[in-house]
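**Q** Counting in my numbering, the sequence shown runs from 323 upward without gaps. All C-beta atoms in this analysis are idealised placements derived from N, C-alpha and C, irrespective of residue type, glycine included.
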Amino acid sequence: MAFEKLANWFGMSSDPTSDENAAIPEEPTITTATDRKNNVLSMNPEASRHGIIRVLEPRGYADAKDIAKDLLNDRAVLINLKKVNENQMCRITDFLTGTVYAINGDLVRVDQNIFLYTPANFEIDSTTSSFSE
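See below:
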């Protein structure tokens, strides 16, 4: 019975009268993105606060995970690495550079040991201009 209904629906029925009596299924309506209202709300209330830059001075590589959490929560981070040794500085910058890459963010080296890491919702204008007196 189920096969017969399926065959009728696809027009493969051997009984010509069954096509006349078969109900034609309605075409499904397709709604597009423009038909729907934009009801998307952020699940993270912190993400709506743009323009926050945290200034941090990590003491070791273990602090890099907390800094990455700030970046994932859409906060820019200015990091002063003067209190870590060169090996830790390299590991921290590598870890945070990977984090910034993963979230389509950006980074700028401000000074020898100071870096600015930003998430995707920040734009960095790194053009240098001199002020004339």
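Specify, as a first and last residue, the run of the alpha helix (DSSP H) that PRO376 falls within.
**A** Residue identity check: residue 376 is Arg in the sequence provided, not Pro. Element bounds for ARG376: not the alpha helix (DSSP H) but the beta strand (DSSP E), 375-378.
**Q** Quick check on the DSSP output: the alpha helix (DSSP H) that includes VAL422 runs from which residue to which?
**A** Unbroken alpha helix (DSSP H) run through VAL422: 408-424.
**Q** Taking the C-alpha atoms as reference points, what is the distance between ASN435 and ALA424?
**A** Roughly 23 Å between the two C-alpha positions.
**Q** Could you spell out the range, first to last residue, of the beta strand (DSSP E) harbouring ALA398?
**A** Segment 398-402, the beta strand (DSSP E) holding ALA398.
**Q** Taking all protein chains shown into account, do 16 or more other C-beta atoms lie within 10 angstroms of the C-beta of THR440, making it buried, or fewer, making it exposed?
**A** The residue in question, THR440, is buried, as its Cβ has 16 or more Cβ neighbours within 10 Å.
**Q** Do the CB positions of GLU378 and THR421 come within less than 7 Å of each other?
**A** According to the sequence as given, residue 378 is Leu; it is not Glu. For LEU378 and THR421, no; Cβs fall outside 7 Å.
**Q** Can you name, in chain order, every residue of its own chain whose Cβ lies under 6 Å from the Cβ of ASN426, other than the five neighbours on each side?
**A** ALA442, listed in sequence order.
**Q** Taking DSSP as the reference, what is the three-state secondary structure of ASP388?
**A** If DSSP states are grouped into helix, strand and coil, ASP388 belongs with the helices.
**Q** Report the option in ASN409, ARG397 and ASP388 whose CA atom is closest to the CA atom of ILE374.
**A** Among ASN409, ARG397 and ASP388, the Cα nearest to that of ILE374 is on ARG397.
**Q** Please classify ALA386 as buried or exposed, where buried requires at least 16 other C-beta atoms within 10 Å of its C-beta.
**A** By the 10 Å Cβ count, ALA386 comes out buried.
**Q** Quick one: is VAL399 buried, meaning 16 or more other Cβ sit within 10 Å of its Cβ, or exposed?
**A** Its Cβ being crowded by 16 or more others within 10 Å, VAL399 is buried.
**Q** Using only the heavy atoms of the ligand ADP, determine whether one of them is closer than 6 Å to the beta carbon of PRO441.
**A** Within the structure as shown, the ligand ADP is missing, as the structure has no ligands at all.
**Q** Measuring only the C-alpha atoms, how far is GLN410 from ASN395?
**A** The alpha-carbon atoms of GLN410 and ASN395 are separated by roughly 24 Å.
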